[in-house]
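Q: One structure follows; several queries about it will come next.
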Amino acid sequence: MRLKLVPAETSFDFFGKWKLWLGISALMMVVGLASFLYQGLNFGIDFRGGTTIRTESTQAVDVGAYRGAIDTLELGDVSITEVFDPTFEEDQHVAMIRIQAQADGEAISGEVIETIKTTLDTVAPGIKFVSVESVGPKVSGELVQTAVLAVVLAIAAVLIYIWLRFEWQFALGAVAALVHDVVLTIGVFSELQIKFDLAIIAALLTIVGYSLNDTVVVFDRVRENLRKYKKKTLAEVLNLSINETLSRTVMTSVTTLLALISLYVLGGDVIRGFVFAMIWGVIVGTYSSVFVASTILLYLGVKRDWSKPTNTTGNQFANIDA
Amino acid sequence: MLQIDLWKRVLIWLVCVTGLLLALPNAFYTRVEQANDAAIEIVAKGETPERLEIVNQWPSWMPSSLVNLGLDLRGGAHLLAEVKVGDVYAARMDAMWPEVRDVLRPERSTLGTFRRQPGPDDQILLKISKPEGMSRALELVRGLATPVTSLTGAGSMDIEASADGDILTIQLSGAERLASDDRTVRQSLEIVRRRIDEVGTREPTIQRQGVDRILIQVPGIGSASELKKIIGTTAQLTFSPVVSRGSDADANPGVGNKVVPSLDEPGVYFTIESAPVVTGEDLVDAQPAFDQNGRPAVNFRFNTSGARRFGDYTAENIGSPFAIVLDDEVVSAPVIQSHIPGGSGIITGNFTIEESTNLAVLLRAGALPAGLEFLEERTIGPELGQDSIDAGKIATIVAFVAVLVFMMLSYGLFGVFANVALILNIALIFGMLSLIGGTLTLPGIAGIVLTVGMAVDANVLVFERIREELKAGRGPARSIEEGYSKALSAILDANVTTFITAVILFAMGSGPVRGFAITLGLGIMTSVFTAIFVTRVMIIMWFERRRPKTIEV
């Protein structure tokens with residue numbers, strides 16, 4: 001007996017309520033953007049400079065006492081949060097201390113770190129600094145630029161690739177889905193105020209890759225079916241293609257999510273934000289390849305005459321044999 | 001139908017076996033690492049029975065390259081430093097000034113008197129009393145210029161001289177500045193490398209980044225501040241004539257002189273000549289030592305030309321004070337008692353033993369041509385790294401098992417084929433990472449976990465296709481054949497696009513992000529390989545042996 005998540009034969013109508021789906025997506029994007037503009041992102045030190053110290057102590061963390069001690073040093077804006085994680089030992093109490101960027105563009109000096117440590121030692125004897133990261137504002141500005149550039153470049157490269165392999169309508173549909181995924185991911189990070197650092201940019205690009213993977217598989221089937229069923233309307237072909245690939249879409253999403261969820265639960269708190277972004281991205285990316293990319297394609301329409309040799313590029317690798 | 005040439009089969013299995021062999025050392029990480037270290041020690045320091053025993057922990061005919069662990073997994077310090085390339089301009093101008101003076105002096109009849117004016121550090125401003133002589137002065141100064149020795153600056157001269165009324169300005173030309181910046185950064189890189197090597201930490205990464213930055217990563221070091229103590233000091237040592245000694249930091253030193261504080265006497269300032277007699281560059285050796293009173297000191301020795309200049313100067317200036325200056329602070333200012341020939345001497349001061357040892361290291365490795373500004377520093381404790389490795393291991397194993405079980409439940413025997421391919425896939429990723437000396441970081445582990453999830457995608461595409469073909473009433477062999485050929489374009493398109501993003505991540509990212517891009521990119525390559533070659537060979541071999549009338553996917 002085989003485990004089947006999707007029945008062997010499906011004929012869901014994915015476009016009957018396409019206005020509703022596009023509406024929901026548009027609404028979520030607006031909410032995400034509004035949240036981004038209104039409360040912004042909780043940028044990590046990679047992007048706004050400053051210092052984070054991860055402390056470890058055998059006694060419970062008393063945020064108030066930590067704060068009281070550090071405030072005497074007058075380092076400006078300091079935030080202290082306790083970190084909880086199921087992977088910690090019983091007497092492992094971890095806190096993250098974030099200190100704003102100090103003047104003069106440089107990273108924080110070793111002496112300041114030593115002073116902080118001796119000060120904290122008075123309220124939490126035996127405290128250890130398991131990691132200290134400091135980024136000067138000069139670099140963080142450049143990191144923002146590079147990050148934005150990386151995302152834009154990735155999307156542009158993909159746009160060109162799909163345009164070459166398919167048609168411009170497919171490229172636009174795919175890119176609309178990508179923008180949708182990126183905006184929703186940024187939106188959720190802004191809404192939940194999860195720390196947004198360089199690793200999240202990596203996650204964003206992976207989401208771009210994953211979402212695209214999904215979209216391309218659907219589009220590949222659409223291209224094939226457009227040649228096969230010359231009489232069917234575009235909506236019918238799209239619907240058929242999505243139904244035919246549905247089983248694969250669900251299978252792949254489930255295996256990827258299985259892997260990611262185990263990493264989320266067991267992988268420790270250091271990469272939890274990163275993994276969260278990817279889980280979110282897989283869900284949103286799967287949704288968008290069906291409800292955004294294909295819907296846009298339907299809206300734009302597509303040239304049906306695939307008989308010309310120039311348009312059969314999809315077959316040029318088909319002769320590859322093992 | 002359904003055939004793969006023998007040589008192709010052999011090749012495919014050969015690739016897999018090679019991958020497994022290359023990945024194997026990583027399963028015995030500590031043992032292989034110790035063996036490798038011992039092998040290096042034998043080459044460097046000679047063979048001892050203990051070292052030989054450690055080397056023999058790992059058979060020498062096996063591959064022994066390991067995946068490097070990133071700083072976030074191993075713990076260590078990371079520093080990004082910017083070289084203050086502008087520092088060099090001022091030094092160049094100061095060095096140029098005597099030359100300019102000497103070439104203009106004989107022409108006083110046409111120029112009148114001339115005097116250096118206070119101005120920006122990277123220029124020489126000269127006031128000439130007879131402005132009519134300016135063109136002659138320009139001509140003379142320009143005669144001092146030499147062609148720039150760099151590819152991009154070919155054809156231009158190293159200095160520019162311009163006149164404004166009675167003021168003559170000399171500065172480095174644009175091309176020379178570029179060439180000088182490049183030299184400065186390259187020298188700094190070399191000096192930083194030498195200093196870190198002197199201290200003897202293992203596997204440091206010292207790279208140039210961008211135009212004027214240096215990235216330094218040292219695994220296993222306790223903190224970035226420790227590292228900064230070694231590489232943050234410029235260690236410019238000069239032996240300079242003392243003009244006067246006083247207690248006013250803002251005293252007017254006069255042109256060509258400067259005021260510098262004393263290192264261990266607060267409130268004491270020395271006025272010294274800017275142009276030193278001898279500099280640290282002329283040192284050939286420096287060793288920690290003790291002076292006649294038993295206090296820590298540093299012994300040094302000059303090269304021949306340094307020794308001659310030092311000897312001549314001391315012979316001419318017996319009885320006058322003389323300053324040993326380190327990074328614009330006077331370490332000591334003894335009075336010259338006698339002519340010092342031979343070119344060796346001792347630096348005394350209020351040193352601790354540690355300080356004198358450090359100073360000797362710095363002097364041996366040489367001075368940085370310019371100061372360093374630290375833009376980014378990260379220290380990751382080894383405990384945190386170990387925690388991350390442990391958590392990552394458990395998460396990867398659980399993810400792996402979950403996917404394996406799920407695939408088997410969904411596709412039965414074909415699922416098992418896909419699972420074997422998946423295991424090979426992970427081995428291939430580790431094998432390739434070891435081969436190219438790639439670095440595994442925490443996001444890199446996430447990349448592998450993501451690959452575990454996504455690697456089955458290509459197989460899923462094929463299996464779903466085979467199901468469809470079977471449903472359409474084709475025979476088993478034909479269905480398998482069609483399944484592979486029809487799924488191919490989707491597999492390639494989907495993976496090429498993901499690969500593009502991995503490449504962009506690699507190009508734009510740094511550190512951990514780059515580690516993620518590497519594992520993601522390798523994961524894509526290996527998963528495509530295993531899906532379209534390995535599972536296919538397995539399925540075909542199974543099919544040839546069994547010749548089933550019907551298959552269930």
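In order, the protein sequence lines correspond to chains U and W.
The numbering used here applies: residue 1 is where the first sequence begins, and numbers increase by one.
The numbering used here applies: residue 1 is where the second sequence begins, and numbers increase by one.
Beta carbons are placed, not taken as given, at the ideal position from N, Cα and C, and that holds for glycine.
Rounding to the nearest angstrom, what Cα-Cα distance links Q316/U and R227/U in this structure?
A: Numbered from 1 along the first sequence, position 316 holds the residue referred to as residue 316/U. Numbered from 1 along the first sequence, position 227 holds the residue referred to as residue 227/U. At Q316/U the pLDDT is 45, less than 50, meaning the model places this residue with poor confidence; the figure from the coordinates comes in the next sentence. A straight line joining the alpha-carbon of Q316/U with that of R227/U spans about 15 Å.
Q: Between V218/W, E203/W, E226/W and S188/W, which has its C-alpha nearest V211/W's C-alpha?
A: Reading the second sequence from its first residue, position 211 is the one you call residue 211/W. Checked all of V218/W, E203/W, E226/W and S188/W; the closest Cα to V211/W is S188/W.
Q: Below 9 Å on C-beta distance, what does E236/U contact in chain W?
A: Stepping through the first sequence from its first residue, residue 236/U is reached at position 236. Result: empty, since nearest Cβ-Cβ is about 18 Å, beyond 9 Å.
Q: Compute the beta-carbon to beta-carbon distance between N239/U and F47/U, rounded to the nearest angstrom, for a pair I have assumed lies under 8 Å.
A: Translated into positions along the first sequence, residue 239/U becomes position 239. Translated into positions along the first sequence, residue 47/U becomes position 47. About 43 Å separates the two Cβ atoms, so there is no contact after all.
Q: Compare the C-beta of I162/U against all C-beta atoms of chain W and say whether one is closer than 9 Å.
A: Your numbering for residue 162/U matches position 162 in the first sequence. Chain W, which has a Cβ nearer than 9 Å to the Cβ of I162/U, makes this yes.
Q: Does T439/W come within less than 9 Å of chain U when only Cβ atoms are used?
A: Residue numbering aside, residue 439/W sits at position 439 when the second sequence is read from its first letter. Closer than 9 Å: no.
Q: One question on the structure: do S253/U and D220/U come within less than 9 Å of each other, judged by their Cβ atoms?
A: Here residue 253/U corresponds to residue number 253 of the first sequence, with the count starting at 1. Here residue 220/U corresponds to residue number 220 of the first sequence, with the count starting at 1. No.
Q: Among F166/U, S35/U, K17/U and G49/U, which has the Cα closest to the Cα of T185/U?
A: For this step, residue 185/U is matched to residue 185 along the first sequence. With distances taken between Cα atoms, T185/U lies closest to S35/U.
Q: Beta carbon of S262/U, beta carbon of A402/W: below 9 Å?
A: Position 262 of the first sequence, counted from the first residue, corresponds to residue 262/U. Position 402 of the second sequence, counted from the first residue, corresponds to residue 402/W. It is a contact, given that the beta carbons lie within the stated cut-off.
Q: Examine chain W for any beta-carbon lying closer than 9 Å to the beta-carbon of L263/U, and answer yes or no.
A: Along the first sequence, read from residue 1 onward, the residue named residue 263/U stands at position 263. With 9 Å as the cut-off, L263/U counts as an interface residue toward chain W.
Q: Work out the CA separation of I518/W and S527/W for me, nearest whole Å.
A: In the second sequence, counting from the first residue as 1, residue 527/W sits at position 527. In the second sequence, counting from the first residue as 1, residue 518/W sits at position 518. Rounded to the nearest angstrom, the two C-alpha atoms are 14 Å apart.
Q: Can the beta-carbon of D62/U be found closer than 9 Å to that of A101/U?
A: To locate residue 62/U, count along the first sequence from 1; it is residue 62. To locate residue 101/U, count along the first sequence from 1; it is residue 101. No, they are not a contact pair.
Q: Counting only beta-carbon separations shorter than 9 Å, does F274/U have a partner in chain W?
A: The sequence position of residue 274/U within the first sequence is 274, counting from 1. Chain W, which has a Cβ nearer than 9 Å to the Cβ of F274/U, makes this yes.
Q: Please identify, using Cβ separations under 8 Å, the residues of the segment 108–126 of chain W that lie next to chain U, in order along the chain.
A: Against chain U - using a Cβ distance shorter than 8 Å - the segment 108–126 of chain W contributes no residues.
Q: Tell me the DSSP secondary structure of V78/U in three-state form.
A: Residue numbering aside, residue 78/U sits at position 78 when the first sequence is read from its first letter. Note: V78/U maps to strand in three-state DSSP.
Q: Going by the CB atoms, is the gap between G281/U and A203/U shorter than 9 Å?
A: On the first sequence, position 203 is the one that residue 203/U refers to. On the first sequence, position 281 is the one that residue 281/U refers to. Yes. Within cutoff.
Q: Anything in chain W within Cβ reach of R248/U, meaning under 7 Å, just list it in chain order.
A: Here the question's residue 248/U lines up with position 248 in the first sequence. By Cβ distance, chain W contributes V460, L461 and E464.
Q: Is S294/U buried or exposed, if buried means 16 or more other CB atoms sit within 10 Å of its CB?
A: By one-based count along the first sequence, residue 294/U stands at place 294. Classification for S294/U: buried.
Q: Since V218/U contacts V237/U with CB under 8 Å, what's their CB separation in whole angstroms?
A: Position 218 of the first sequence, counted from the first residue, corresponds to residue 218/U. Position 237 of the first sequence, counted from the first residue, corresponds to residue 237/U. Contact between V218/U and V237/U is ruled out by a C-beta separation of about 11 Å, above the 8 Å threshold.
Q: What are the boundary residues of the alpha helix (DSSP H) that includes I160/U?
A: Position 160 of the first sequence holds residue 160/U. It spans P137 to R165 - the alpha helix (DSSP H) in which I160/U sits, taken as one unbroken run.
Q: Taking 9 Å as the threshold (beta carbon to beta carbon), is V416/W in contact with chain U?
A: As a working mapping, residue 416/W is identified with position 416 in the second sequence. No, because no Cβ of chain U sits closer than 9 Å to the Cβ of V416/W.
Q: Using a Cβ-Cβ cut-off of 6 Å (strictly less than) and excluding sequence neighbours within five positions of D77/U, which residues of its own chain qualify?
A: Translated into the one-based positions of the first sequence, residue 77/U becomes position 77. Closer than 6 Å at the Cβ level, and outside the excluded window around D77/U, lie Q100.
Q: So which residues of chain W does R67/U contact, with C-beta pairs closer than 9 Å?
A: Reading the first sequence from its first residue, position 67 is the one you call residue 67/U. In chain order: nothing, as chain W lies at least about 23 Å away.
Q: Report the three-state DSSP secondary structure of L299/U (helix, strand or coil).
A: For the purposes of this step, residue 299/U is identified with residue 299 of the first sequence, where counting begins at 1. For the sequence presented, residue 299/U should be read as Tyr rather than Leu. Y299/U falls in the helix class under three-state DSSP.
Q: Which parts of the segment 24–107 of chain U are runs of the alpha helix (DSSP H), unbroken and 4 residues or longer, counting only runs that do not cross its ends?
A: 45–48 and 63–71
Q: Any contact between the segment 176–195 of chain U and the segment 266–280 of chain U? By contact I mean 3 or more CB pairs, one from each, below 8 Å.
A: yes
Q: Of all Cβ atoms in chain W, is any one closer than 9 Å to the Cβ of D220/U?
A: Counted from its first residue, the first sequence places residue 220/U at position 220. Yes, its Cβ sits closer than 9 Å to a Cβ of chain W.
Q: Mind checking who R74/W pairs with in its DSSP beta bridge?
A: Here residue 74/W corresponds to residue number 74 of the second sequence, with the count starting at 1. DSSP lists no partner for R74/W.
Q: Contact defined as beta carbons within less than 8 Å: I believe V504/W pairs with A176/U. What is the distance between those atoms, to the nearest angstrom?
A: Residue numbering aside, residue 504/W sits at position 504 when the second sequence is read from its first letter. Residue numbering aside, residue 176/U sits at position 176 when the first sequence is read from its first letter. The sequence given here places Ile at residue 504/W; Val does not occur at that position. Not quite, the Cβ-Cβ distance comes to about 20 Å (not below 8 Å), so this is no contact.
Q: With 7 Å as the C-beta to C-beta threshold (strictly closer), list the residues of the segment 64–95 of chain W near chain U in chain order.
A: L80
Q: What is the residue span of the alpha helix (DSSP H) that I397/W lies within?
A: Counting from 1 along the second sequence, the entry for residue 397/W is found at position 397. Its alpha helix (DSSP H) spans residues P382 to I436.
Q: Residue range of the beta strand (DSSP E) that F28/W falls in?
A: Within the second sequence, numbered from 1, the residue matching residue 28/W stands at position 28. Neither: F28/W is in no beta strand (DSSP E) and is coded neither H nor E.
Q: Starting from E33/W, find everything on chain U with Cβ-Cβ shorter than 8 Å and list it in chain order.
A: For this step, residue 33/W is matched to residue 33 along the second sequence. Ordered by position in chain U, no residue passes the 8 Å Cβ test against E33/W, which lies about 23 Å from the chain.
Q: Taking Cβ-Cβ distances shorter than 7 Å, what residues in chain U pair up with I394/W?
A: Position 394 of the second sequence holds residue 394/W. By Cβ distance, chain U contributes L266.
Q: Any C-beta of chain U sitting closer than 9 Å to the C-beta of L428/W?
A: Counted from its first residue, the second sequence places residue 428/W at position 428. No, because no Cβ of chain U sits closer than 9 Å to the Cβ of L428/W.
Q: What does I113/U touch in chain W if you count any residue whose Cβ is under 7 Å from its own?
A: On the first sequence, position 113 is the one that residue 113/U refers to. Those are S225, listed as they occur along chain W.
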